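Chemist:
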Amino acid sequence: MSFKLQNINNLKGFLQKRGVTCYFYRKDHLVKLCDLALELQLPILNEENDVEPDITISSLTRRTLVIGGKEVIAPEVSSVVWSADLRFIPNIEIGDILVYMLNYCGWSGDKLKSYKRDNGYQLFQANHIDSVKISPQFDGNCYYVGGTCVPETRQKESPYDVWILVRPSGEIVSGGCSCVAGNGACKHCIALLFSIESFSERQREGFTQACTDGYAHGINLKKKSEQWKLMKWKLGGTLQKA
1 MSFKLQNINN LKGFLQKRGV TCYFYRKDHL VKLCDLALEL QLPILNEEND
51 VEPDITISSL TRRTLVIGGK EVIAPEVSSV VWSADLRFIP NIEIGDILVY
101 MLNYCGWSGD KLKSYKRDNG YQLFQANHID SVKISPQFDG NCYYVGGTCV
151 PETRQKESPY DVWILVRPSG EIVSGGCSCV AGNGACKHCI ALLFSIESFS
201 ERQREGFTQA CTDGYAHGIN LKKKSEQWKL MKWKLGGTLQ KA
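So that you can map any letter, position 108 of the sequence shown is 108 in UniProt numbering, and since no number is skipped, the others follow by simple counting.
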């Protein structure tokens, strides 16, 4: 069997049926894991009796980075001291998001072509992301960016907490969410990514001003022509337009 010819979803499916945690691995890593699983003759688990792999393993994987040739473990999200000052938020572009969806979320090429029809993009378009915040830079090479996402169908319930781990270059390392999926590939995480990209684009084009000592609402505005009307910044305790 040649795993190199398989797509990411098939590789993940092969591993998950054998109880191997495989969130956020690149294709070459997945191929190596599949080869190893085949060599070890790992049996297919009984889906009715076996539990899902321990999520703490994937959580550690998501916080593992390679910086200067060495592995560095990012702090737990729960221990992060957040700031609403978004002046230094990494510049995320559409290409960064598509690479993340392809390599980490296992999207197919066909799904990428129609990403604007995906539920995550639709949540972004419908302004479900709020309370965007950023962590201090740690180890000189990464930030957490977090926010909240209103559930798609239960909008009166508490929002989900969602976050990404991103390098200053805009490369998205991983993500997570308080929803059931919680693995960074959910629609809530995708919505946050497009919200940050939209904010970054407006910064590049000079449509926004620094948000020192305040917090942003409506960071994921749908149309640039509506941004002055919809965006609100809380500065010095008063609501003002950007």
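The beta carbon of each residue, even a glycine, is placed where N, CA and C say it ideally should be. Quick caveat, the model's predicted, so the values are computed rather than measured.
Of the choices Gln122, Leu193 and Val80, whose alpha-carbon is the least far from that of Gly170?
Modeler: Of Gln122, Leu193 and Val80, the residue nearest in Cα terms is Leu193.
Chemist: According to the neighbour-count rule (16 or more other Cβ atoms, all chains shown, within 10 Å of its Cβ), is Ile134 buried or exposed?
Modeler: With 16 or more Cβ atoms within 10 Å of its Cβ, Ile134 is classed as buried.
Chemist: If you draw a straight line from the alpha carbon of Thr153 to that of Asn119, how long is it in whole angstroms?
Modeler: Cα to Cα, the separation comes out at about 11 Å.
Chemist: If you draw a straight line from the alpha carbon of Val132 to that of Asn7, how long is it in whole angstroms?
Modeler: If I take the Cα positions, the gap works out to 34 Å.
Chemist: Measure the beta-carbon distance from Trp163 to Gly176 and round it to whole angstroms, keeping in mind my assumption that it falls under 8 Å.
Modeler: About 5 Å separates the two Cβ atoms, so the contact holds.
Chemist: For a minimum of 3 consecutive residues, which ranges assigned as the beta strand (DSSP E) are wholly contained in the region 89-159?
Modeler: With a minimum length of 3 residues, the continuous beta strand (DSSP E) runs that stay inside the region 89-159 are 129-134 and 143-149.
Chemist: Using the C-alpha atoms, what's the distance from Val80 back to Leu123?
Modeler: The straight-line gap from Cα to Cα measures roughly 26 Å.
Chemist: Under the three-state reduction of DSSP, which class applies to Asp85: helix, strand or coil?
Modeler: If DSSP states are grouped into helix, strand and coil, Asp85 belongs with coil.
Chemist: How many angstroms separate the CA atom of Pro159 from the CA atom of Gln41?
Modeler: About 43 Å.
Chemist: Going by the DSSP bridge assignment, what does Cys177 pair with across the sheet?
Modeler: BP columns for Cys177 point to Val162.
Chemist: Can Ala191 and Tyr104 be called in contact, C-beta distance under 8 Å?
Modeler: No, the Cβ-Cβ distance between Ala191 and Tyr104 is not below 8 Å.
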